[in-house]
Structure formats: structure tokens, C-alpha cells
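Per my numbering, residue 1 is the first one in the sequence shown, and the count goes up by one each step.
Glycine included, every Cβ here is placed at the ideal spot set by N, Cα and C.
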Amino acid sequence: MGITDRKEREKQELKDLILKEAKAVFLEEGYEKTSIRKIADRIEYSPTTIYLYFKDKSDLLLELHRQSFHQFFLVLSSVTNIEDPFERLIETGKRYIEYGIKNPEEYELKFQLKAPLEALECKNEIWSDGQKAICFVQEIVDRCIDAGYFSKSMDSESMSIMLWAEVHGLVTLYNSNRLDMFKNKKEVSTVIGEAFNLFIKFLQTVAQHKTRIL
1 MGITDRKERE KQELKDLILK EAKAVFLEEG YEKTSIRKIA DRIEYSPTTI
51 YLYFKDKSDL LLELHRQSFH QFFLVLSSVT NIEDPFERLI ETGKRYIEYG
101 IKNPEEYELK FQLKAPLEAL ECKNEIWSDG QKAICFVQEI VDRCIDAGYF
151 SKSMDSESMS IMLWAEVHGL VTLYNSNRLD MFKNKKEVST VIGEAFNLFI
201 KFLQTVAQHK TRIL
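Here it is in C-alpha cells:
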């Protein structure tokens, strides 16, 4: 390996380290209490070093979002080979829940970490990824409507938000240990599965009868 290649590798390794520790500080301290100084202390470098890679903590948060959503989209896109749109919709929900439970820190970073006014400058850019995720679900809902699973009078955007609220609620309850009350009766994962299956039965009823939800 040449000198140039080695330097590039070392730069990338340092950047990865900065991002790793920045994510840890964001999740431990929250956005507001996170500072470049705290991140620098974690990696045992000066704050100036971090500024060589990122202009501020909002820029760091944006990069973490980009990386996290990239992995998230890989999970969602794995359902595109399912031909039937309704089955694809069900599988999307299952994989969303599975991802959220297996990756609680990544999930919190994307959907639960609060960022105040200081981060508003990059807010639209950050949530362009969130919007992309909603549009992914909305496209499947539109296909379900076209295939006759749902009434054409349904608003696909509103239904997509309802679907997101369902799976997001289950993941959030699980990750915050709010479902531990069921441990003596059945496994929490069983509770999650049963709750999602009931929701799917509701959707199937809507699909079969073309019932207006609102």
C-alpha cells in the first residue's frame, strides 16, 4: 500500500471514529447537550481535528442520518421482489419492526432524537430521507389501491402515515421496555407479533369491504 492510500485509509478511519463517538454522545446526552468538545474528548483529539471533517454538530447529525437511513432503505427495498402489493405491504411492516427492535440505537437516532432550533438549518435535508421512507410505503399503498385491495376513495398518504404510526408505536413500546408487563404471560416478541397480526386483519377487513376508515 502506497503512502497516499495509507493516508486516505487513516483519514477514513478517523472519520468513522468521529461518527461512532458522536452517535454515542448524541444518544447519551441528547442533541442540545452534545458538543464538539465532548466528542473530541471521547476520541482523544482536539476539536480542531473534528472541524476538518464536519463544520458543526448539525453536520455530524446529518451524516449519521444519511448512513443510518441507507441501511434502513436496504432493509425496506428487500421486499420489492414480492409481486402482490398487499403481501408486500405486510412484509414491509414486519421488516420495519424487526429492524427497529434489532437496531434500537439506530432507530432512536433516526426517529426519536430531538434536535432544537440550532439544527433547523439542516432539518429539511435530514428529513428528506424520512420523506423518502414514507413515499416508499405510499407507493405500495397506491399499488394496493390500483389492484383493488383498498377503495379508490382512500387517501394513500394518510393511510401510509397510519401504517407508519402502527409499526413505529410497536417498536417504540418495545425499545422503551413498556411491554415488559406482559413478560409473565407471554414473550414480549409474541405480543408484538400478535398486535401486528391483528392490525393486518383490520387492513384485510378494510380491503375486503372497501370500508372507509375516516
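- Counting only runs of 4 or more residues that sit fully inside the segment 145 to 184, the alpha helix (DSSP H) segments are 156 to 175, in chain order.
- In its chain, beyond the 5 residues on either side, Leu64, Glu105, Leu109 have a beta carbon closer than 8 Å to the beta carbon of Lys23.
- Here Gln12 is exposed: its Cβ has fewer than 16 other Cβ atoms, across all protein chains shown, within 10 Å.
- DSSP places Ser68 in the helix class (H, G or I) of the three-state scheme.
- Between Ile39 and Glu21 a beta carbon distance of about 6 Å is seen, short of the 8 Å cut, so the two are scored as contacting.
- Counting only residues of its own chain and dropping the five nearest sequence neighbours on each side, Ile140 has a CB closer than 7 Å to the CB of Pro85, Arg88, Leu89, Thr92.
- Fewer than three Cβ pairs drawn from the segment 95 to 103 and the segment 43 to 51 lie within less than 8 Å of each other, which leaves the two stretches out of contact.
- Counting the other CB atoms within 10 Å of its CB gives Lys152 a total below 16, which places it among the exposed residues.
- Secondary structure at Gln112: coil, using DSSP grouped into helix, strand and coil.
- Ile3 and Tyr53 do not touch by the CB rule: their CB atoms are close to 20 Å apart, not below 8 Å.
- Here Gln138 is buried, its C-beta having at least 16 other C-beta atoms within 10 Å.
- In this chain, the alpha helix (DSSP H) harbouring Tyr96 covers 85 to 102.
- At least 7 Å separates the beta-carbon of Lys57 from that of Thr80.
- Of the candidates Ser128, Lys201, Tyr31, Phe136, Phe136 places its Cα closest to the Cα of Val75.
- Around the CB of Glu29, fewer than 16 other CB atoms lie within 10 Å, so the residue is classed as exposed.
- Ser160 places its beta carbon less than 7 Å from that of Ile134.
- Secondary structure of Ile82 (DSSP, three-state): coil.
- In this structure, Phe69 lies near Asp129, with their beta-carbon atoms less than 7 Å apart.
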